[in-house]
Structure formats: C-alpha cells, structure tokens
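What follows is a set of notes on a single structure, which appears directly below.
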Amino acid sequence: ESYWEPIASWIPTFRLRAAYGTTGRSPSGTSSLQTDSRSNFVTDLGVIQPGVSPGNPGNPDLKPERGDEFEAGFDAGFFRDRVGLEVTYFAKRSKDLLQTLPLPPSAGFTYLITHGPMPWNCATVSPLIQTKCPMFGSQ
C-alpha cells in the first residue's frame, strides 16, 4: 500500500489480529438432584442389613459455567524480517464458575457443587523478540 512505502524498509511485515470466543461447561446431570447410595450397615446384633447413605446433597440453583475471552495483538518484522516482535493482550472472564465445596462430616454429605466467584484475567504479553538468521530460513 502507498501509505506503507515510507516505512516498508524498516518494518516490512506488520499484522494486526483480534479474536473473541465463548466457552461453556454444564454441571453433571445429577448435580441438581439430592441422591442416596445403597450401602450396608451392621445392626446391634452384628447382622448386616441393606441400607441407604447420603450421596449428593444437590443444588437446584446450578447454571452452566460460561467463559468469555478477547484477544488482540500485533506481529511486526523489522530489518527485512530478521527481528520480530509479538505483542498480545488478552482478557478472560468466567461467569457462574462451577466449584466443589467440601462439607463438614456432620452434614451427612462430603461435598456440594455450587457457583464460585467470577474470576477475571487480563494481561499484555510480549513473550519473544525473535531473531531470524538467513542461514536458517528466509531472508
């Protein structure tokens, strides 16, 4: 392009990039239901009898976990693409994060699946300044 010609000898390659994505994870099918497990117990007389023990306390308020991520950056080559620079910015947010909370033994259940806090990650990354040698690739 004509607007790039004055700096093309210094920066022959320049790319802008951006992306957006959404992910999700559903709780298991029985996470919202209270369940019991078949188990045996021993009576006072030492006889083994069939019985029931608590399984999952259930959480009817569970919703699917969702994540949104945005990423943008640029790649630039300098000095006939012998030196390169990559810079990336990303931001990721999770909503309705599914987490397992341990319960006290007195509750009769071992854990409860619930929604946790909404974590937010973002950073600017420039991991490498790359140097290309003519003997190992293009000039």
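Heads up: the sequence shown begins at 5 in our numbering, then just goes up one per residue. From the three backbone atoms N, C-alpha and C, an ideal C-beta is built for every residue, glycine too. Being a predicted model, the structure only gives us computed values, none of them experimental.
Requested in this report: Rank 81, 60, 73 by C-alpha distance to the C-alpha of residue 33 and give the top, closest one.
Outcome: Out of 81, 60, 73, 60 has the C-alpha closest to the C-alpha of residue 33.
Query - Neighbour-count burial assignment, residue 57, 16 or more Cβ in a 10 Å radius - result: When all chains shown are included, residue 57 counts as exposed.
Query raised in the report: How many Å lie between residue 105 and residue 84 at the Cα?
Result: Within the model, the alpha-carbon separation for residue 105 versus residue 84 is close to 56 Å.
Requested in this report: List the endpoints of the continuous beta strand (DSSP E) containing residue 69.
Outcome: Per DSSP, residue 69 belongs to the beta strand (DSSP E) from 69-82.
Query raised in the report: What do you get for residue 37, buried or exposed, if any count of 16 or more other CB atoms within 10 angstroms of its CB means buried?
Result: Residue 37 should be labelled exposed.
Report task. Inspect the CB distances between the region 38-53 and the region 69-79 and report whether three or more fall short of 8 Å. Result -> Touching, no.
**Report entry** Three-state secondary structure (DSSP) of residue 11
**Finding:** Residue state, collapsed to three classes: helix.
Query raised in the report: Counting along the chain, where does the beta strand (DSSP E) carrying residue 58 start and finish?
Result: Where residue 58 is concerned, the enclosing beta strand (DSSP E) starts and stops at 52-58.
Query raised in the report: Which of the three DSSP states, helix, strand or coil, is assigned to residue 134?
Result: In this predicted model, residue 134 has a pLDDT of only 42, less than 50, meaning its place in the structure is not dependable enough to derive any value.
Report task. Quick one: give me the first and last residue of the beta strand (DSSP E) that residue 41 is part of. Result -> It spans 40-46 - the beta strand (DSSP E) in which residue 41 sits, taken as one unbroken run.
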